[in-house]
Structure formats: structure tokens, C-alpha cells
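Below is one structure, written out as C-alpha cells; comments come after it.
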Amino acid sequence: MSEILVLVDHVDGAVRKTTAELLTLARRLGEPCAVFIGPGIDSARDALKRYGAERVYVLDSSDLSDYLVAPKVEALAQLMASRSPATVLIPSGAEGKEIAGRLAIRTESGLITDAIDVELGEGGLVTRQSVFAGSYTVIANVTRGTPIVTVKPNSVTAEAVEGAAVEEAVDVAVSDAAKTARIVERQPRASSGRPELTEAAIVVSGGRGTAGNFEPVEAFADSLGAAVGASRAAVDSGWYPHSYQVGQTGKTVSPQLYVAAGISGAIQHRAGMQTSKTIVAVNKDSEAPIFELVDFGVVGDLHAILPAATEKINARKG
Amino acid sequence: MKVAVCVKYVPDATAQRTFSSDGTVDRGAVDGLLSELDEYAVEEALKMRDSSDAEVVVVTMGPEAARTAILKSLQMGADAGVHVLDDAIHGSDAVGTSLVLAKALERLEPDVVLCGMASTDGSMSVVPAMLAERMGLPQVTFASEVTVDGTTVRVRRDGDTATETIEANMPLLLSVTDQANEPRYPSFKGIMAAKKKPVETLTLADLGVGVDEVGADAAWTKVIAVEGRPPRSAGTVVTNDGGTGAEQLVGFLAGERFV
Ligand SMILES: Cc1cc2nc3c(=O)[nH]c(=O)nc-3n(C[C@H](O)[C@H](O)[C@H](O)COP(=O)(O)OP(=O)(O)OC[C@H]3O[C@@H](n4cnc5c(N)ncnc54)[C@H](O)[C@@H]3O)c2cc1C
Ligand SMILES: Nc1ncnc2c1ncn2[C@@H]1O[C@H](COP(=O)(O)O)[C@@H](O)[C@H]1O
Chain A
40 MSEILVLVDH
50 VDGAVRKTTA
60 ELLTLARRLG
70 EPCAVFIGPG
80 IDSARDALKR
90 YGAERVYVLD
100 SSDLSDYLVA
110 PKVEALAQLM
120 ASRSPATVLI
130 PSGAEGKEIA
140 GRLAIRTESG
150 LITDAIDVEL
160 GEGGLVTRQS
170 VFAGSYTVIA
180 NVTRGTPIVT
190 VKPNSVTAEA
200 VEGAAVEEAV
210 DVAVSDAAKT
220 ARIVERQPRA
230 SSGRPELTEA
240 AIVVSGGRGT
250 AGNFEPVEAF
260 ADSLGAAVGA
270 SRAAVDSGWY
280 PHSYQVGQTG
290 KTVSPQLYVA
300 AGISGAIQHR
310 AGMQTSKTIV
320 AVNKDSEAPI
330 FELVDFGVVG
340 DLHAILPAAT
350 EKINARKG
Chain B
57 MKVAVCVKYV
67 PDATAQRTFS
77 SDGTVDRGAV
87 DGLLSELDEY
97 AVEEALKMRD
107 SSDAEVVVVT
117 MGPEAARTAI
127 LKSLQMGADA
137 GVHVLDDAIH
147 GSDAVGTSLV
157 LAKALERLEP
167 DVVLCGMAST
177 DGSMSVVPAM
187 LAERMGLPQV
197 TFASEVTVDG
207 TTVRVRRDGD
217 TATETIEANM
227 PLLLSVTDQA
237 NEPRYPSFKG
247 IMAAKKKPVE
257 TLTLADLGVG
267 VDEVGADAAW
277 TKVIAVEGRP
287 PRSAGTVVTN
297 DGGTGAEQLV
307 GFLAGERFV
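Chains as they are written, first to last, in the working numbering: chain A, 40 to 357; chain B, 57 to 315.
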């Protein structure tokens, strides 16, 4: 069976949920093989095995971690040359897409970004993408080289299937040309204690309607075990950090449930959340465009409704 | 110093966007404009000129109407424009786009190539990385803060899991986010001056790019079908009359098994 390379998304060995999802997709297409770049394989091994990696290629060298993107592209290109995979799956996200884009040029391979589904059709790999804020689905395939596909988080449900996880350390040669954009400092983002925004099953976001008070949003999110997001208006006002912004110039989320509180539903905000499975809004303006998208909406003041709902949910949990 | 800025002409995002029968974005159906996210790239270039005498040239690839994007950049203060205009370009993907832009940029021999973080239409966000790959330039992308010190550029990049400081030397490729600066509005003087600024129009032949290297047929991917998503079935919207909103909300969430 052909190898399907999956670039592992991890923070010092803590494997992110998207990797489990990509390994699950890879299993449909061939033999899932994880590519682990950087330090921390000892913490990652079990997760990769649990989600079905048959092989694990470990590429650990400071040359790969101390510079932006380019060295990882060289490493993957070398691995593609030696393993001849049928497909390369990479998590969507700023860096994933950049790696994929450069790899496509370097290996003369077709690139599909932000796929929401990947399957084997008659003529090979077929992908689905959701575009224009979710109003169209594009079905496409790759006509040249080795398909390189970036996949959006939450596109599939990860399935635990034990893999052999045969480990192989791979030596890569990184050229000087790839070592030009130096990472001189790295400050890991402080954890909020909540699920990570892009991988959370539930996201509760607040907008200008919070008037700067995110407490009801956070408390409601916590009652649901959700991540907290924000509109650009809330971020620009300094009410919530930029790394939590949902939308075209922020994060793209696709959770099971998205709750928009005090958010009008501008096209740029929709671009980041419209593929959510279930959408709920609380907004005091019954004409707000967000209500065009919702499965359930409440017209009213979020400062009254969210705390009352939080209390009821917490009471149910006993 | 020379700064080349890649600017894209895009359909207005607030208008209804559609696909043509050939599966490409229908750019005739709605008015277009300079991609708002590329205004940040133009602004960053103008800041470099303000502090170090740089020459700022904007480069666009697109249909006749893409001239609008160049004009707006010139009105903001850019010095000159290059418009790659060729019927064969229609339908190009990021691979084709980056090929053409790389050729157009190489002619300019810039010290800095500046891009926006994404185009507001296609939004693959990969053209800048592809340009760096093709041109062999250091890639310094998604900069939310830029500092120039001689020929060294240092930026803040807010990644998914960490904030990084990246440093590279010119010549390099830089892309900026909407956090990087506050784009200036064209002044009346700027609008008048723009009319006299040089804009060079180039064809693929001028760039030595074959017509078979671009366009939908040369793309390394193929759109098999485009499906309009059925409009979401209208949801239930309730009012908070008598303060029952929270109860109904929790009822809905419980019914959907979220609580
Ligand atoms: C290039 C570009 C990129 C952009 N990128 C993004 C992006 O990534 N993400 C993003 O979000 N935006 C983005 N925007 C901005 C976007 O256009 C909107 O301006 C923004 O989303 C508005 O945020 P908002 O809905 O919180 O505020 P508003 O549009 O002001 O809406 C506030 C809403 O809160 C409601 N409200 C007020 N008080 C209450 C209350 N007490 N209880 C309940 N409801 C209340 C109001 O009825 C209103 O509907 C971008 C814009 C541009 C031009
Ligand atoms: N046709 C084009 N002409 C000029 N610049 C472009 C074009 N397409 C993309 N770019 C540049 O590449 C950036 C990212 O675009 P994209 O990869 O399409 O999201 C944009 O912000 C522009 O700076």
C-alpha cells in the first residue's frame, strides 16, 4: 500500500488534535506515515501509535527548528524523494499552508489548501473545499506530481486505530539557502486553560456587544467546556487578545457548535466560522445578519441571557 | 533601496461573489478594488520610504480593471506601477500566479518584496511563500510588527502556538498582517500626483513566460465541480420575552446534546 505522509502538528511533542484527524484521513487513502519534525518524539510516540501511524519518521535537528519554514520544506522534499508517497497531508494554518505551497513548487506537485474532505475517487484523490464564506463547495483533484493537501481542523472525527508506529530516524541535509530567516526568539503562548480555539468542539465568541466585559462569555464557555473567541471589533478595542480573533484575518474555526454573542455577522467574521456545524447567536438586534446563519438564535441582551444560561447549565451538571 | 509590493485586484468582498461557468471566480460580476489586505503592504513600503529614501513599485497581475489596484496604490504614495496583463493568465492558480509575479519582480531587482497576508478573494495565503521559494529569498511572512535596521529586517510573527521574532537580511520577501500598521488614505495631492506616475504594462512574452505555463490548463489541480451550498435552512429565532431566552437556549443546546 502507498505511504501517505502526515506532517505532525505538535508543540514540543504534545501532538495536536489535527494530527489525529489527518492520520484518520490518511488511513482511507493508504498507509498512514507520520513525519515528526523537531524535538519531543518521546512525548508524541503514544498518540501517533494510537491514531494509526504505521511508520513514524523522526527528523530532529536544530537546523529544522531555528529557521522559518524553508528547512522543513527541504526535509519533506527529501522524504518525498526517498519514500515516493501517494499523498502528503499537512494541517491547514498559516505555517502549514506555507510549507505546502513551497513544497508544491519544489516538487512540481499540485496543491489543495483548506480541504474539508479527502477521498479516493476513480481517478485518484478527490478533495472538497468550502469557499466564499461557505457558500460554495469546490470539488477538485490534483493533475500533476504528488498531491499535497492541507486539511482544515475538525474536518473529520479522529478514530483511534492502533498502528505499528515503526520508528525511523531520518537524516536530512539543510542547505545554507534555507537558513536565512532566523527565529531569534520564541515565546510560547500562555495557555488559557481552555481548549485551543481552532481544535475546540465548541467555541463561544464575543463581539462589540460585550461592551468590553467578556466575563459572561467566558463563564458560558466554561459551562460548555468551550474555547473563547472574539470578533475583530472586540480585539481592536483591546478587550481580548488578537490570537483569539475569529475571521478572515484571524483564526478559522469549524467546531460542532459556534456561539456568537454580541456579534453582527460581518462577511469577514463569517469567513472564519461559517463551516461550523451548529450556529447559535445571542444579539439584541433582531435584524443582525448573524441571524441569517443560525440554527438557533435569541434576540436579547447577552449580559442577561448568558449568565442565566450558564447558571442553568451548571445546575444541570449538578 | 527598492521595494516592490505585490497588490491584487479583487472583487468587493461585501458584494455577492459567484463562479463563472468555467469554474473561475467571476470578476466581471461585481466591482473590484485593491485588496484591503494589500493596503497594509503598500503602507509598510511607504513607511520604509519615509525613513530611508526607498523607491516603491507596485506590481499586479490581473485583467484590465486591475489597473484600479495600481492607481489606488499610486494615490497612497507609491512611485510607479507594473501591470502584467495577458489574456492567457485567466484562470491561473497560485502556482501560475507566483510564476508570473516572480518573473515580473526579478526584473525590478528589489531589496524587499512586500505582500499582503492573503487575498480577500481566493485567500490561499500561499503566493508569498511560493514567491520566496521561486526567487530563493528569505521568507519573512505574516509580520505583525516590522523593524528595519540597515539591511536587516526584524519582525514579530504571531504563530498558532507561539509569538516569534524573525530576523533576515535583504534582499528578502516580507508579508504583513492587518496588525502591522494603519494604511494611509490618499490625499488630494496624492490623487493628483498619481495621474502622472509611470505604469508599465507587460505581457507574458515580455517576461519570457510561455502561455502554456499559466492559465487553468497549466494548473496542477483541476476543479471537477462547484456546488452551491444549499442555503442553511432557516433556524429558530426566539425573543427574550418574559426572560425565557436563556431557558430556551439551554433547551436547544440540551436537545442537540451539547449539555
Ligand atoms: C480586511 C478586513 C478583515 C477583517 N477581518 C475580520 C476578522 O478576521 N474577524 C472579524 O470578526 N472581523 C473582521 N473584520 C471586521 C468586520 O468587517 C466587522 O467590522 C467586525 O466583525 C464587527 O465586529 P462585531 O460584530 O463584534 O461588531 P458590530 O458589527 O458592531 O456588531 C455588534 C453587535 O452586537 C450587538 N449588541 C450590542 N449590544 C448587545 C447586547 N448587550 N447584547 C447582545 N447583542 C448586543 C449589536 O446588535 C450588533 O449586532 C475585517 C474587516 C476588514 C475590512
Ligand atoms: N494577481 C496578483 N497580483 C499581485 N499580487 C498578488 C496576486 N495574487 C496574490 N498576490 C500577492 O500575494 C498575497 C497573498 O495572496 P494569496 O496567496 O492569493 O492569498 C496578496 O496579498 C498579494 O500581495
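Yeah, the Cβ is synthetic: ideal placement off N, Cα and C, and Gly gets one too.
- Not one heavy atom of ligand 2 lies closer than 7 Å to the C-beta of residue 189 of chain A.
- The three-state secondary structure of residue 214 of chain B, taken from DSSP, is strand.
- The beta carbons of residue 219 of chain B and residue 228 of chain A sit closer together than 8 Å.
- Legend: CB atoms of the region 277 to 290 of chain B lying less than 8 Å from CB atoms of chain A belong to residues 277, 278, 279, 280, 281, 282, 283, 284, 285, 288.
- Proximity of chain A to residue 296 of chain B at the Cβ level (cut-off 8 Å) is accounted for by 337, 338, 339, 340, 343, 344, in chain order.
- Residue 57 of chain B places its beta carbon less than 8 Å from that of residue 110 of chain B.
- By the Cβ neighbour-count rule, residue 142 of chain B is buried, with 16 or more other Cβ atoms within 10 Å of its own.
- At a cut-off of 8 Å between beta carbons, residue 240 of chain B makes no contact with chain A.
- Here the alpha carbon of residue 88 of chain B sits roughly 50 Å from the alpha carbon of residue 82 of chain A.
- Residue 344 of chain A and residue 229 of chain B have their C-alpha atoms roughly 48 Å apart.
- Scanning A:67, A:357, A:154 for the CA closest to the CA of residue 262 of chain A turns up A:357.
- Of all residues in the region 193 to 225 of chain B, only 194, 195, 196, 197, 198, 214, 215, 216, 217, 218, 219, 220, 221, 222, 223, 224 place a beta-carbon less than 7 Å from a beta-carbon of chain A.
- Note: residue 320 of chain A is bridge-paired with A:299, A:336 in the DSSP secondary-structure output.
- Using a Cβ-Cβ distance cut-off of 8 Å, the region 231 to 239 of chain B and the region 238 to 249 of chain A are not in contact, since fewer than three pairs of beta carbons, one from each stretch, lie closer than that value.
- Judged by their CB atoms, residue 239 of chain A and residue 191 of chain A are not nearer to each other than the 8 Å cut-off.
- Restricted to the region 231 to 266 of chain A, the alpha helix (DSSP H) segments that are unbroken, complete and at least 4 residues in length are 254 to 263, listed in chain order.
- With respect to the 8 Å criterion, residue 242 of chain A and residue 300 of chain A are not classified as neighbours on the basis of their beta carbons.
- Contact with chain A is found for residue 176 of chain B, since one of that chain's Cβ atoms lies less than 8 Å from the residue's Cβ.
- Membership of residue 331 of chain A in any beta strand (DSSP E) is not indicated, and neither H nor E is assigned to it by DSSP.
- When the five nearest sequence neighbours on each side are left out, the beta carbons in the same chain lying within less than 7 Å of the beta carbon of residue 209 of chain A are those of 96, 97, 98, 118, in order along the chain.
- Residue 301 of chain B reaches chain A at 337, 339, 344, counting residues in chain order whose Cβ is nearer than 7 Å.
- Excluding sequence positions up to five before and after residue 77 of chain A, its CB lies within less than 7 Å of the CB of 99, 103, 104, all in the same chain and listed in chain order.
- Our two residues, residue 144 of chain A and residue 313 of chain B, have alpha carbons roughly 45 Å apart in a direct line.
- At least 8 Å separates the CB of residue 105 of chain B from every CB of chain A.
- Residue 89 of chain B is outside the set of residues whose beta carbon lies under 8 Å from a beta carbon in chain A.
- The beta-carbon of residue 186 of chain B is placed less than 8 Å from the nearest beta-carbon of chain A.
- For residue 308 of chain A, the three-state secondary structure derived from DSSP is helix.
- The beta carbons of residue 274 of chain B and residue 152 of chain B sit closer together than 8 Å.
- Of the heavy atoms belonging to ligand 1, none sits nearer than 7 Å to the Cβ of residue 88 of chain A.
- Per the coordinates, the alpha-carbon of residue 207 of chain A lies some 10 Å from the alpha-carbon of residue 73 of chain A.
- Residue 295 of chain A has its CB no nearer than 7 Å to any heavy atom of ligand 1.
- The set of residues whose C-beta lies within less than 5 Å of a heavy atom of ligand 1 reads, in chain order, A:246, A:247, A:248, A:270, A:271, A:272, A:286, A:287, A:288, A:289, A:301, A:302, A:303, A:305, A:307, A:308, A:322, A:323, A:324, A:327, A:340, A:341, B:92.
- For residue 179 of chain A, the enclosing beta strand (DSSP E) has its first and last residue at 175 to 181.
- Under DSSP, residue 49 of chain A shares a beta bridge with A:54.
- Taking 8 Å as the CB threshold, residue 86 of chain A stays off the interface with chain B.
- Boundaries around residue 103 of chain A are those of the alpha helix (DSSP H), 101 to 104, since no beta strand (DSSP E) includes it.
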